[in-house]
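Chemist: Here you go, one structure.
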Amino acid sequence: MIYLDHAATTPVDEAVIEAMLPYLRERFGNPNSIYRLGRQARQALDEARERVAAFFGAEPREILFTSGGTESDNLALRGVAYALRERGRHIITSQIEHHAVLHTCEALEKEGFEVTYLPVDAYGLVDPEAVREAIRKDTILISIMHANNEVGTIQPIAAIGRIAKEHGIPFHTDAVQAVGQIPIQVNELHVDLLSVSAHKLYAPKGIGCLYVRRGVRLIPQITGGGQERNRRSGTENVAGAVALAKALELAQARWERDIPRIQRLRDRLIQGIQERIPQARLCGHPTQRLPNNAHFCFPDVEGEQLLLQLDLHDIAASSGSACTSGSLEPSHVLMAMGVPRDMARGALRLTLGRGNTEEEVETVLEVLPRIVEKLRAWNLGG
Ligand SMILES: *Cc1c(COP(=O)(O)O)cnc(C)c1O
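Numbering-wise (my numbering), the sequence shown opens with residue 621 and increments by one.
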């Protein structure tokens, strides 16, 4: 199989599995127990936290383990909104966020918060000046994603962070797609909260973290035994935390090798598709994009048809976000970018990863043009 859907999830790295196995087997203790087995688990958790913090240039106490990207986004938005509701009710975000942010904002609107959904340009970029202009006296939170999960556009997070900081407003970024692909240092980006998910990073599903800058107040969304400094209760996922730390360590160690290679494969994919498929439209920014993302729209083709045909050739791809596929509504991200509706229906997202090869890319470049041509002929009744 040719797997080109790394933005949906990634295979778990063997080294990650090896690192976590002891905490599923003999070192299974509860980190809250006082005997040795418990203390060993506590130590593993502490070390994982230190390593995750170091990766982002943060302090260990600023890292909170969660069940993944969705929970981190929920905790950031609801946690800050509820903590600051006496100060104001206004939140700023963008129209192209992941549903974990958008649907949470919509839920907060029903509770009396007001949300500004900033537009993006044709490349999917948020203008930092538009953020500045949207700020009101009662703005209590800004949340803009680092890199978009559909089209791969990378936002000017540091510039937005500076504006948020000037105004003393907490700034959250959903960095789920960016982590492991572009360098992320919380102080350089001026972010106060940052969401991470392990399964987009060659580690298992169901573990992630939220960076919360020291001093940022947060109302816990899961209450119970008071774990994670009282901010996220529940017995800690020790093996998961170890896995996340290991995955970040691997990403760092392999960075100089992996990223340029993946980017070359991506560029070959983009160039080949543009040469071989007439009217193929590259979506997202030509250069300010994730090194592994190639996203296209094809007129007169249905994204779902395309995916089924590719699947027949054992090629796994996506029409956009895994959460919206299956629905016939065109992607909210493409709509926000002003892509015409019928064009947006023919969306194809190819996201590369460590395991992909040049041969695989060449295979896709042979198969895809034939599929698009065939589907167009069908759809146009030719
Ligand atoms: C995958 C993803 C999420 C959700 O993360 P989970 O760990 O699957 O809950 C949130 N935001 C973005 C940008 C994502 O790509």
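Heads up, the beta-carbon is just placed ideally off N, CA and C, and yes, glycines get one too.
No experiment lies behind these values; they were computed from the predicted model shown.
Would you say R969 and E667 are within 8 angstroms of each other, going by their C-beta atoms?
Modeler: No; because the gap between Cβ atoms is not below 8 angstroms, this pair is not in contact.
Chemist: Considering only heavy atoms of ligand 1 and the C-beta of each residue, which residues fall inside 5 angstroms, strictly closer?
Modeler: Working through the chain, the matches are G688, G689, T690, H718, A720, N769, D794, V796, Q797 and S817.
Chemist: Does L1003 come out as helix, strand or coil in the three-state DSSP assignment?
Modeler: The requested residue 1003 is not part of the displayed model; the chain covers only 621 to 1002.
Chemist: Give me, in chain order, the residues of the same chain whose beta-carbon lies closer than 8 angstroms to that of L868; leave out the 5 immediate sequence neighbours on both sides.
Modeler: These residues qualify, in order along the chain: R671, V672, F675, V799, G800 and L821.
Chemist: Which same chain residues end up closer than 7 angstroms to R851 when comparing Cβ atoms and leaving out the 5 residues on each side of it in sequence?
Modeler: Here the set comprises L684, L838 and P840.
Chemist: Between which two residues does the beta strand (DSSP E) holding T759 run?
Modeler: Counting along the chain, the beta strand (DSSP E) containing T759 begins and ends at T759 to S763.
Chemist: Taking A673 as part of the alpha helix (DSSP H), name the residues at either end of that continuous run.
Modeler: First-last of the alpha helix (DSSP H) with A673: R656 to F676.
Chemist: Mind checking which residues open and close the beta strand (DSSP E) that includes H792?
Modeler: Residues F791 to D794.
Chemist: Take K785 and list the residues in its own chain whose beta-carbon comes closer than 6 angstroms to its own, dropping the five residues that flank it on each side.
Modeler: Within the same chain, K785 has close Cβ partners H810.
Chemist: Nearest by alpha-carbon distance to V984: which of N999, S951, P950 and A936 is it?
Modeler: That would be A936, whose Cα lies nearest to the Cα of V984.
Chemist: Checking the sheet assignment: what are the DSSP bridge partners for E734?
Modeler: Bridge partners of E734: H710.
Chemist: Going by beta carbon distance, what residues of the same chain come within less than 8 angstroms of L745, once the five residues before and after it are set aside?
Modeler: So the qualifying residues of the chain are T773, Q775, P776, H905 and Q908.
Chemist: Can you tell which of F916, P824, S853 and T690 has the C-alpha that lies nearest to the C-alpha of T629?
Modeler: For T629, the nearest C-alpha among the options comes from P824.
Chemist: Flag this pair as yes or no: are the beta carbons of L814 and T793 separated by less than 8 angstroms?
Modeler: Contact flag set, yes.
Chemist: Cα-Cα, which of E980, Q797 and G788 is closest to H626?
Modeler: Minimum Cα distance to H626 is reached at Q797.
Chemist: Can you name the residues that DSSP bridges to I774?
Modeler: DSSP output for I774 lists A767 as bridge partner(s).
Chemist: Just curious, the alpha helix (DSSP H) that V700 is in, first and last residue?
Modeler: Start and end: G689 to A703.
Chemist: Opposite C917 in the DSSP bridges: which residues?
Modeler: Note: C917 sits in a beta bridge opposite R901 and A967.
Chemist: Whole angstroms is fine: what's the gap from C903's alpha carbon to N652's?
Modeler: One C-alpha to the other measures close to 48 angstroms.
Chemist: What are the boundary residues of the beta strand (DSSP E) that G828 is part of?
Modeler: Start and end: G828 to V832.
Chemist: The alpha helix (DSSP H) spanning L954 covers which residue range?
Modeler: Looking at the DSSP string, the run of the alpha helix (DSSP H) that includes L954 is H952 to A956.
Chemist: Any idea what DSSP makes of R756, helix, strand or coil?
Modeler: The answer is coil: DSSP assigns R756 none of H, G, I, E or B.
Chemist: Provide the residue span of the beta strand (DSSP E) that contains T686, from first to last.
Modeler: Start and end: I683 to T686.
Chemist: Can you name, in chain order, every residue of its own chain whose Cβ lies under 7 angstroms from the Cβ of N650, other than the five neighbours on each side?
Modeler: Excluding sequence neighbours, N650 sits near G658, A661 and T855.
Chemist: Whose C-alpha, out of Q715, V721, A678 and E982, is nearest the C-alpha of D693?
Modeler: Checking every option, the nearest Cα to that of D693 belongs to V721.
Chemist: Would you mind working out which of R647, E979, I755 and P642 sits nearest L889, comparing C-alpha positions?
Modeler: Closest option to L889, Cα to Cα, is E979.
Chemist: For A779, collect the residues of the same chain with a Cβ closer than 8 angstroms to its Cβ; drop the 5 residues on either side in sequence, then sort them by chain order.
Modeler: Around A779: P748.
Chemist: With a threshold of 7 angstroms, establish whether the CB of Q883 neighbours any heavy atom of ligand 2.
Modeler: Although ligand 2 was asked about, the structure shown includes only ligand 1 as ligands.
Chemist: If I follow the unbroken alpha helix (DSSP H) through Q891, where does it start and stop?
Modeler: Taken as a continuous stretch (DSSP letters only), the alpha helix (DSSP H) holding Q891 covers V858 to R896.
Chemist: Can you pull the DSSP bridge partners for S815?
Modeler: Per DSSP, D794 and L830.
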